[in-house]
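Residue numbers (our numbering): 1 to 456. Think of the CB as a built atom: it goes at the ideal place given N, C-alpha and C, for glycine as much as any other residue. Everything numeric in this text was worked out from a predicted model, so none of it was measured.
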Ligand SMILES: NC(=O)c1ccc[n+]([C@@H]2O[C@H](COP(=O)([O-])OP(=O)(O)OC[C@H]3O[C@@H](n4cnc5c(N)ncnc54)[C@H](OP(=O)(O)O)[C@@H]3O)[C@@H](O)[C@H]2O)c1
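Written out as structure tokens, the structure reads:
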């Protein structure tokens, strides 16, 4: 059996570094970290080298004896961050070669296309220096990493809480934000892989603008939609100065982050999945990445008296086929039938300030994911049960449960709608919409059964 690789982590006290050290320690890897000051909170058996990454001697000390070195340092708060990070990368490449390191793993940003922010140019320059070094280096390139404690998420969640906010042109630029959980997965995987060289993009499953991210955050936080004012003269500098005064993120850090939004931050290099295995269960959806980053759990079913209605429908399809039809609902290819009725409902919801009907769906929706106008509350593949909660504007909580049970040679679709009124208006709503509701949900059940029976 090959022994566990010995790892060294630079930037271990940062947002990504702390999470990575915890993972490596939990996996039983021998770990040493470089820290500028005594850093409490690391597991006892983590070796700590006190020192600064600008010091070549400190780098040699932390690299000595390591098979894999993770480079997670950046100098964003400094006026000359590019010069410092260039020097650190050069010293690190030399220290790794001198001490016999097997693999360098660097986490940076997407490779800039044309004119770009100094921050992204610097991150890319660091990648270039390490890739040109003697020791095999892998540069993992991510746009925004969504996790608790990141400067980017802090700025995002504060903006999402504003009732009125500026919307400068640069907030319409698009990126592929990725969950911290998925980044951790790839960093861990890189440590166990035979030596690799190259730039690889780590990107989340959804392309979205910064403005779209703010709106998505607001929805998850249960905030009403803010008034977004077109603000052509709202510069990165202004935004950063205000962030510095109103949030724990210093203006010197916020400025380069906002400036990197000047262009789309889309993956342009080789996807990381071409060399490292994807996370088990697939990539984390944007909604679940944001939920974890903002600390917003999937809302549980409310307690209290509820209207409930259950219908069953037999199917000749095997239970697993019926389950496939249930879990294929939503998105462009699985629009909830009858489509005109849901489209109308979505239009009305949009007018009322709700999310509207069609928001797509991840490849394999799990709890917390969005499926058009619903959020998955619970998914149970063993009992073939999917519980969805309606995100549309309603005077109460509406829950739809779809279940595929075995029945004789075929199966039985169980469809349950549960509505918990939040006010007297909720009671009136339930009774008023009931005739239309009965038709729509009967149609939905028929369509699911037909889809299951048509499946090869
Ligand atoms: N966060 C994101 O959304 C994101 C997105 C894409 C890529 N990345 C990349 O991921 C990496 C880690 O980012 P992060 O968000 O975890 O950063 P972070 O939270 O700001 O942490 C930076 C780390 O670098 C350390 N550091 C800075 N200068 C140092 C020096 N001279 N000597 C020793 N340590 C030094 C800091 O130590 P102290 O605690 O002593 O300050 C801290 O541990 C970076 O390369 C970044 O470009 C991050």
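Proximity test, residue i beta-carbon vs ligand 1 heavy atom, cut-off 8 Å
i           : result
residue 129 : no
residue 145 : yes
residue 80  : no
residue 17  : yes
residue 13  : yes
residue 36  : yes
residue 199 : no
residue 84  : yes
residue 332 : no
residue 401 : no
residue 251 : no
residue 364 : no
residue 61  : no
residue 255 : no
residue 88  : yes
residue 207 : no
residue 123 : yes
residue 246 : no
residue 294 : no
residue 142 : yes
residue 76  : yes
residue 185 : no
residue 47  : no
According to DSSP, residues forming a beta bridge with residue i
i           : result
residue 71  : 10, 106
residue 418 : 308, 399
residue 433 : Paired residues: none, contrary to the question.
residue 314 : 412
residue 371 : 374
residue 294 : In the DSSP output, where bridge partners are listed per residue, residue 294 has none listed.
residue 50  : 35
residue 405 : 412
residue 387 : 378, 401
residue 327 : Paired residues: none, contrary to the question.
residue 339 : None; residue 339 has no bridge partner.
residue 141 : 108, 201
residue 271 : 201
residue 167 : 230
residue 179 : 146
residue 209 : 174
residue 265 : 175
Neighbourhood of residue i by C-beta distance below 6 Å, restricted to the same chain and skipping five residues each side
i           : result
residue 361 : 330, 331, 371
residue 494 : Because the chain spans 1 through 456 in this model, residue 494 falls outside it and cannot be assessed.
residue 251 : 240, 241, 244
residue 150 : 15
residue 166 : 229, 231, 234
residue 449 : 313, 315, 413
residue 206 : 286
residue 212 : none
residue 352 : 393
residue 11  : 17, 72, 73
residue 302 : 397, 420
residue 416 : 310, 401
residue 119 : 256, 260
residue 13  : 35, 39
residue 133 : 93
Own chain partners of residue i with C-beta closer than 7 Å, once the 5 adjacent residues on each side are dropped
i           : result
residue 89  : 126, 129, 130
residue 154 : 247, 248, 249
residue 295 : 148
residue 197 : 131, 136, 137, 138
residue 63  : 8, 69, 95, 96, 99, 101
residue 226 : 162, 163, 164, 165, 218
residue 237 : 255
residue 65  : 6
residue 358 : 346, 372
Within-9 Å CB hit, residue i to chain D
i           : result
residue 239 : No chain D appears in this structure, which consists of one protein chain only.
Close Cβ partners of residue i (< 8 Å) along its chain, the five nearest in sequence each way excluded
i           : result
residue 24  : 7, 9, 31, 188, 191
residue 388 : 371, 374, 375, 376, 377, 399, 400, 401, 402
residue 274 : 200
residue 121 : 82, 112
residue 4   : 27, 28, 29, 30
Just checking, does the stretch 382 to 393 make contact with the stretch 257 to 268 on the three C-beta pairs under 8 Å criterion? no
For the stretch 413 to 423 and the stretch 327 to 336, state whether three or more C-beta atom pairs, one from each stretch, are separated by less than 8 Å. The stretch 413 to 423 is not in contact with the stretch 327 to 336.
Do the stretch 13 to 23 and the stretch 69 to 86 make contact, defined as three or more Cβ pairs closer than 8 Å? yes
Spell out a yes or no on whether the stretch 274 to 290 and the stretch 169 to 179 are touching, meaning 3 or more CB-CB pairs, one atom from each, closer than 8 Å. When Cβ pairs closer than 8 Å are counted between the two stretches, the stretch 274 to 290 is seen to touch the stretch 169 to 179, the count reaching three or more.
Within 8 Å, do at least three Cβ pairs link the stretch 340 to 349 to the stretch 398 to 410? no
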